[in-house]
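Shown next, in structure tokens, is the structure this report addresses.
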Amino acid sequence: MRLTVVGAGPAYSDARGAVGACYLVRSGDGAIALDLGHGAFAGLAARIPPERLESVVISHLHPDHFVDLVPLRHYLRYHVQPVGRVRVDAHPDLADRLDALHAEPGFTTGALDVIALEPGVRRLGAFTLEAARVTHTQDSFGFRVSGGPSTPGLVYSGDVGVAEDLRPLVRPGDTLLIEVSFGPGPVPPGAAHLDGPAVGALASGTAAGRVLLTHLLMGRDPAATIASVEARFEGPVELVEPGFETTI
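Every letter in the sequence shown is one number past the one before it in this note's numbering, and letter 221, counting from 1, is 212.
Next comes the structure, spelled out in structure tokens:
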């Protein structure tokens, strides 16, 4: 599998070129996108014809993780002939959210096929997707993506406030693509996000192969964040940005 970071930003940023969460995973001719946050559609479409996606998998219903489904829907409806369709694995309320945002009942179903997410394993073309509920919104999910049960996996946190929620997804040697919103910490009371010490402890305790950090909030120090993970985890640690690519 090949991972391309299309966007890795949090809900707000002063970084030039910052883009909301979107991670393109490819294997052979197959491709899925994990989240499609603000500003991500253009970068996604520059890398792959969006109508070729097996699915867009949405971790939770915060706009910085799903709002660019709007330009995706427009693209499929007005650019692709005949009208294209893309599967979206997400919370079942997604269609109502998008319809309300556009003030148009049926807006979503015009080009997107929303399939309700549930904990467990499903097949998306060439990929095996395992989903587990995590602590953030009422129905937030983390994911493990792989080519099969015995192949190396990519574990994506989405947004999560309890690192241990991800433990059931991680196999030894997996790559963790994990949010570190509050940098070296601490996480303020009531904020359902992670910091570096929590990420490092999870990676060490699950024998992860490496850690790719994402979703770092504006004003947090990248070097100190990486160091706070490395203090608890001996494997490779990187903070990813749009354009980052790696093989899983």
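For each residue, glycine too, the CB sits at the ideal point set by N, CA and C.
- Cα separation between P96 and G200? Walking along the sequence shown from the start, residue 96 turns up at place 105. Walking along the sequence shown from the start, residue 200 turns up at place 209. Computed Cα separation, rounded: 45 Å.
- Message: Just to confirm before moving on: does the CB-CB distance between T238 and R(-7) stay below 8 Å?
- Response: Within the sequence shown, residue 238 is the residue found at index 247, counting from 1. Within the sequence shown, residue -7 is the residue found at index 2, counting from 1. Cβ distance < 8 Å, so T238 and R(-7) count as in contact.
- Out of V146, L85, Y3, L67, point me to the one whose CA is closest to L193's CA. The residue labelled residue 193 in the question sits at position 202 within the sequence shown. Nearest C-alpha to L193: V146.
- Task: From the DSSP output, in three-state form, read off R78 for me.
- Result: Taking the first residue of the sequence shown as position 1, residue 78 is located at position 87. Here R78 sits in strand by DSSP.
- Beta-carbon separation of G181 and V220 under 8 Å? Against the sequence shown, residue 181 aligns to sequence position 190. Against the sequence shown, residue 220 aligns to sequence position 229. Cβ atoms of G181 and V220: not closer than 8 Å.
- Going by other Cβ atoms of all chains shown within 10 Å of its Cβ, with 16 needed for buried, is E236 buried or exposed? The count along the sequence shown starts at 1 and reaches residue 236 at position 245. So E236 ends up on the exposed side.
- Query: Quick check: the region 126 to 143 against the region 15 to 29, are there 3 or more CB pairs under 8 Å?
  - Reply: yes
- Short check: CB of E45 to CB of L67, under 8 Å? The residue labelled residue 45 in the question sits at position 54 within the sequence shown. The residue labelled residue 67 in the question sits at position 76 within the sequence shown. No. Outside cutoff.
- Query: Is it right to say S141 is buried, meaning 16 or more other beta carbons lie within 10 angstroms of its own, or is it exposed?
  - Reply: The residue labelled residue 141 in the question sits at position 150 within the sequence shown. Flag for S141 reads exposed.
- Could you check where the beta strand (DSSP E) with A36 kicks off and where it finishes? In the sequence shown, residue 36 corresponds to position 45, counting from 1. From DSSP, A36 is part of no beta strand (DSSP E) but of the alpha helix (DSSP H) over 31 to 38.
- Based on Cα-Cα distance, which residue from V112, E109, H65, G111 lies nearest to L89? Within the sequence shown, residue 89 is the residue found at index 98, counting from 1. Cα-wise, what sits closest to L89 is H65.
- May I have the straight-line CA-CA distance separating V(-3) from I217, to the nearest angstrom? Within the sequence shown, numbered from 1, the residue matching residue -3 stands at position 6. Within the sequence shown, numbered from 1, the residue matching residue 217 stands at position 226. The straight-line gap from Cα to Cα measures roughly 21 Å.
- Query: Under a three-way DSSP split, which group does R88 fall into?
  - Reply: As a working mapping, residue 88 is identified with position 97 in the sequence shown. In the structure shown, R88 sits in a helix (DSSP, three-state: H, G or I).
- Item | Buried versus exposed, by CB contacts within 10 Å (16 or more), L225 | Indexing the sequence shown from 1 puts residue 225 at position 234. A quick correction: the sequence has Glu, not Leu, at residue 225. With fewer than 16 other Cβ atoms within 10 Å, it is exposed.
- Query: Comparing alpha-carbon positions, which option in D212, A102, P73, V231 lies nearest V47?
  - Reply: As a position in the sequence shown, residue 47 is number 56, starting the count at 1. Checked all of D212, A102, P73, V231; the closest Cα to V47 is A102.
- Task: Taking the CB atoms as reference points, tell me whether S172 and L203 lie closer together than 8 Å.
- Result: Position 181 of the sequence shown, counting from 1, holds the residue named residue 172. Position 212 of the sequence shown, counting from 1, holds the residue named residue 203. Contact: no.
- Item | Helix, strand or coil at P107 [DSSP, three-state] | Counting from one through the sequence shown, the residue named residue 107 turns up at place 116. The sequence shown places Ala at residue 107, not Pro. Residue state, collapsed to three classes: strand.
- Query: Is the CB-CB distance between P62 and F32 below 8 Å?
  - Reply: Within the sequence shown, the letter at position 71 stands for residue 62. Within the sequence shown, the letter at position 41 stands for residue 32. Taking 8 Å as the Cβ cut-off, P62 and F32 qualify as a contacting pair.
- Message: Please return the same chain residues whose Cβ sits closer than 8 Å to the Cβ of G28, not counting the five positions on each side in sequence.
- Response: Start at 1 with the first residue of the sequence shown, and residue 28 comes out as number 37. G(-2), G0, V10, G11, A12, C13, P54, D55, H56, F57, V58, D59.
- Backbone secondary structure at F98 - three-state DSSP: In the sequence shown, the residue the question calls residue 98 occupies position 107. In the structure shown, F98 sits in coil (DSSP, three-state: anything other than H, G, I, E or B).
- Since I39 contacts V79 with CB under 8 Å, what's their CB separation in whole angstroms? To locate residue 39, count along the sequence shown from 1; it is residue 48. To locate residue 79, count along the sequence shown from 1; it is residue 88. Wrong, their Cβ atoms sit about 16 Å apart, outside the cutoff.
- Task: Flag this pair as yes or no: are the beta carbons of D156 and A123 separated by less than 8 Å?
- Result: Within the sequence shown, residue 156 is the residue found at index 165, counting from 1. Within the sequence shown, residue 123 is the residue found at index 132, counting from 1. Contact: yes.
- Task: Identify, in the order they occur along the chain, each residue of the same chain with its Cβ nearer than 7 Å to the Cβ of S4, setting aside the five sequence neighbours on each side.
- Result: To locate residue 4, count along the sequence shown from 1; it is residue 13. Excluding sequence neighbours, S4 sits near M209.
- Message: Residues in the same chain with beta-carbon distance under 6 Å from I169, minus the five sequence neighbours each way, listed in chain order, please.
- Response: For the purposes of this step, residue 169 is taken as the residue at position 178 of the sequence shown. Hits under 6 Å: S148, V190.
- What did DSSP end up calling L52 once you bin it into helix, strand or coil? Against the sequence shown, residue 52 aligns to sequence position 61. Three-state DSSP puts L52 in coil, outside helix and strand.
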